[in-house]
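Notes for the one structure printed next.
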Amino acid sequence: MTRRNSQRFEQRSEHPLTLDYYERALDELIASPEKMAIVQDNVTFYAQQQHLPKSAQAALRRFEHFFAVSDSPTDLRRWVLEDSYEGRKFRQFPLLFKGVLPSS
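At position 104 of the sequence shown the residue is numbered 216 (the numbering used here), and the sequence of numbers has no breaks.
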């Protein structure tokens, strides 16, 4: 494998503010589990959109599968913040948490 090809497969690090957003949103879900309905509504809304990037579609599928087996905010936090391939895929669509955090 040439140097050029190996660079293509290097993982990009996530921006710290993005991870901070997920942590705050997931903490809010744990504090107010009734807000899980907001995330579920967002998943339903965005699943109906026709023109989404493949990464957003993959994230939607993961959230749909998650909500099929669990509705626990603690489980969602564990899956989203996991430092793995799956965790990164969950974190590819931050709009799914729109409306969870109170406006400042």
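For each residue, glycine too, the CB sits at the ideal point set by N, CA and C.
Query raised in the report: What distance in whole Å lies between the Cβ atoms of Tyr134 and Val212, which are believed to be in contact at a cut-off of 8 Å?
Result: Counting from one through the sequence shown, the residue named residue 212 turns up at place 100. Counting from one through the sequence shown, the residue named residue 134 turns up at place 22. Not confirmed; about 10 Å, so no contact.
Query raised in the report: So, does the CB of Phe157 fall closer than 8 Å to a CB anywhere in chain D?
Result: Note that chain D does not occur in the displayed structure, where there is just one protein chain.
Report task. Within 10 angstroms of the Cβ of Phe202, are there 16 or more other Cβ atoms? Answer buried if so, exposed if not. Result -> As a first step, residue 202 must be located in the sequence shown, where it is residue number 90. For Phe202, the number of other beta carbons within 10 angstroms of its own is at least 16, and it is reported as buried.
Query raised in the report: In chain order, what residues of the same chain have a beta carbon less than 6 Å from the beta carbon of Arg174, not counting five sequence neighbours either side?
Result: Within the sequence shown, numbered from 1, the residue matching residue 174 stands at position 62. Contacts found: Lys201 and Phe202.
Query raised in the report: When DSSP labels each residue in this structure, what does Pro214 get in the three-state scheme?
Result: The residue you call residue 214 lines up with position 102 of the sequence shown. Coil, per DSSP.
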